[in-house]
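Just so you know, the UniProt record's numbering puts 90 at position 90 of the sequence shown, and the rest follows in order with no gaps.
One structure is given below, encoded as structure tokens.
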Amino acid sequence: MMVFILLVMCLLSGCALIGRQYTPEQIFKRAVAGIAGKEMLTFTGRTGVRVGNGLPMHKQFKYRGIVSNHDELAMDWGSTEVFRKRGDYAALKKGKSGQEITHARFVRQHGKWNALASGHNTVAGEGMLDRFNPIQELEELNTLNKTIRMEASAARGTWVVRIELEPASAKHWLKERLMKEMRTINDQIVILGTKDKGSNQEVQQKLNQVWVQSCEELNRQLEHSVVQAVYHLTIDRQTGLPLKLSSDCRISRQEANEEVHEEALITRVAFEDYK
């Protein structure tokens with residue numbers, strides 16, 4: 001009987017060693033490489049902004065994406081109410097999206113996801129939905145300064161990896177992504193002016209002025225802000241592929257009246273249909 005007990009103990013400890021042979025960093029890197037190598041997958045995400053501490057989220061949005069042919073991505077973005085009315089993936093899979101939903105397509109070239117304009121021509125490489133592409137987000141996270149550790153509360157058959165960016169890296173990354181979005185807005189202003197050459201030049205100048213002022217204000221606020229970004233990636237132990245990605249990006253700054261203003265962008269993404 002003692003022999004069987006020892007055998008069982010050895011087997012159990014062997015299984016534990018198999019689960020522990022990779023460091024948290026290695027598990028994370030393998031997951032990022034795994035999802036990047038898939039020919040097809042789908043994901044659904046939800047994001048919202050929380051202002052202050054403990055207040056309900058407002059400005060909530062949902063988005064969905066389908067990766068096909070390894071390097072092609074179609075995304076839909078809209079309010080949670082619009083997606084609730086429209087239901088499942090039916091419209092997205094048929095390539096249909098109503099006026100209430102923003103639709104975008106991307107193609108991966110040389111490791112970077114570039115937005116497609118109408119007619120499937122690549123544009124400036126940046127789109128308004130670019131920041132909510134979780135595959136690109138994981139790939140960029142892989143290059144940043146961060147600390148990674150395993151969470152003990154993982155469900156059976158999964159790992160949960162906690163990724164916390166160093167504050168300086170989090171701030172630089174956030175600024176970079178926000179400025180990309182600002183450049184996308186500016187590109188749209190330029191395109192609008194080109195299409196409608198007879199438009200009022202004064203209106204065009206005012207739009208440009210507002211854009212410049214917005215960029216300056218954004219830079220000013222970020223300069224005096226502290227940014228904290230924490231991610232949790234749930235990974236399937238058998239496949240090593242991501243199942244869920246959650247993020248909490250908090251920005252806090254001290255106002256002129258010495259009150260601390262805090263905002264948090266909360267995001268939840270689920271991956272499925274890997275092929």
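A virtual CB, placed ideally from N, CA and C, is assigned to each residue, including glycine.
Any chance you could list the beta strand (DSSP E) runs of at least 3 consecutive residues sitting entirely within the region 179 to 257, in chain order? 225 to 236 and 242 to 254
Cross-strand partners of Val32 (DSSP beta bridge): Locating residue 32 in the sequence shown gives position 32, counting from the first residue. Bridge partners of Val32: none, in fact.
Applying the 10 Å Cβ sphere with the 16-neighbour rule, what's the burial state of Asp273? As a first step, residue 273 is located in the sequence shown; it is residue number 273 there, counting from the start. That one is exposed.
Whole angstroms are fine: how far does the CA of Gln213 sit from the CA of Leu233? Within the sequence shown, the letter at position 233 stands for residue 233. Within the sequence shown, the letter at position 213 stands for residue 213. Their backbone Cα atoms lie some 37 Å apart in a straight line.
Quick one: what's His103 bridged to in DSSP? On the sequence shown, position 103 is the one that residue 103 refers to. His103 is bridged to Asp76.
CA-CA distance, Met150 and Pro24? The sequence position of residue 150 within the sequence shown is 150, counting from 1. The sequence position of residue 24 within the sequence shown is 24, counting from 1. Each residue's Cα considered, the two are about 6 Å apart.
Inter-residue spacing [alpha-carbon to alpha-carbon] between Arg220 and Arg253: Counted from its first residue, the sequence shown places residue 220 at position 220. Counted from its first residue, the sequence shown places residue 253 at position 253. Going by the C-alpha atoms only, they are around 11 Å apart.
Environment of Glu259 [buried if 16+ CB atoms lie within 10 Å]: For the purposes of this step, residue 259 is taken as the residue at position 259 of the sequence shown. Label assigned to Glu259: exposed.
Take Val230 as the anchor and find which of Leu141, Val49 and Leu129 has the nearest alpha-carbon. On the sequence shown, residue 230 is found 230 positions in, with the first residue counted as 1. If we check each option's Cα against that of Val230, Leu141 comes out closest.
Going by DSSP, what residue range makes up the beta strand (DSSP E) through Leu265? In the sequence shown, the residue the question calls residue 265 occupies position 265. It spans Val260 to Glu272 - the beta strand (DSSP E) in which Leu265 sits, taken as one unbroken run.
For Ala16, count neighbouring Cβ atoms within 10 angstroms of its own Cβ and tell me buried if that reaches 16, exposed if not. Counting from 1 along the sequence shown, the entry for residue 16 is found at position 16. Here Ala16 scores only 42 on pLDDT, less than 50, and its place in the model should not be relied on; the value that follows carries that caveat. When all chains shown are included, Ala16 counts as exposed.
In the DSSP assignment, what residue or residues form a beta bridge with Leu165? Indexing the sequence shown from 1 puts residue 165 at position 165. Per DSSP, Lys146.
Excluding the five sequence neighbours on either side, which residues of its own chain have a C-beta within less than 6 Å of the C-beta of Ser68, listed in chain order? Within the sequence shown, the letter at position 68 stands for residue 68. Same-chain partners within the cutoff: Met40.
Would you mind sorting Ser153 into buried or exposed? The rule is 16 or more other CB atoms within 10 Å of its CB. The count along the sequence shown starts at 1 and reaches residue 153 at position 153. So Ser153 counts as exposed.
Using C-beta distances below 7 Å, list every residue in its chain close to Val32, excluding the 5 sequence neighbours before and after it, in chain order. Numbered from 1 along the sequence shown, position 32 holds the residue referred to as residue 32. Around Val32: Leu138, Glu139 and Asn142.
Where Leu129 falls: helix, strand or coil (DSSP): As a working note, residue 129 is residue 129 in the sequence shown. Three-state DSSP puts Leu129 in coil, outside helix and strand.
I believe Phe106 touches Asn145 by the beta-carbon criterion, under 8 Å. Please report the beta-carbon distance rounded to the nearest angstrom. Numbered from 1 along the sequence shown, position 106 holds the residue referred to as residue 106. Numbered from 1 along the sequence shown, position 145 holds the residue referred to as residue 145. So it is not a contact: roughly 27 Å between Cβ atoms.
Grouping DSSP H, G and I as helix and E and B as strand, with all else coil, what is Gln21? Residue 21 sits at position 21 when you count from the first residue of the sequence shown. DSSP places Gln21 in coil when its eight states are reduced to three.
I need the boundaries of the beta strand (DSSP E) containing Leu116, first residue and last residue. Working through the sequence shown from its first residue, we reach residue 116 at position 116. Run containing Leu116: none; DSSP gives neither H nor E here.
Kindly identify the DSSP beta-bridge partner or partners of Arg177. Counting from one through the sequence shown, the residue named residue 177 turns up at place 177. Arg177 is not bridged to any residue.
Give me, in chain order, the residues of the same chain whose beta-carbon lies closer than 7 Å to that of Pro167; leave out the 5 immediate sequence neighbours on both sides. For the purposes of this step, residue 167 is taken as the residue at position 167 of the sequence shown. Around Pro167: Val226, Val227 and Gln228.
Quick one: is Gly157 buried, meaning 16 or more other Cβ sit within 10 Å of its Cβ, or exposed? Numbered from 1 along the sequence shown, position 157 holds the residue referred to as residue 157. Exposed, by the Cβ-count rule.
Quick one, which of Ile235, Asn257, Ala270 and Cys249 has its alpha-carbon nearest Gln26's? One-based indexing of the sequence shown puts residue 26 at position 26. Here the closest residue by C-alpha is Ile235.
Return helix, strand or coil for Lys275, following the three-state DSSP convention. Position 275 of the sequence shown holds residue 275. Residue state, collapsed to three classes: coil.
Output the distance between the C-alpha atoms of Ser246 and Ser169, rounded to the nearest integer angstrom. The residue given as residue 246 occupies position 246 in the sequence shown. The residue given as residue 169 occupies position 169 in the sequence shown. One C-alpha to the other measures close to 18 Å.
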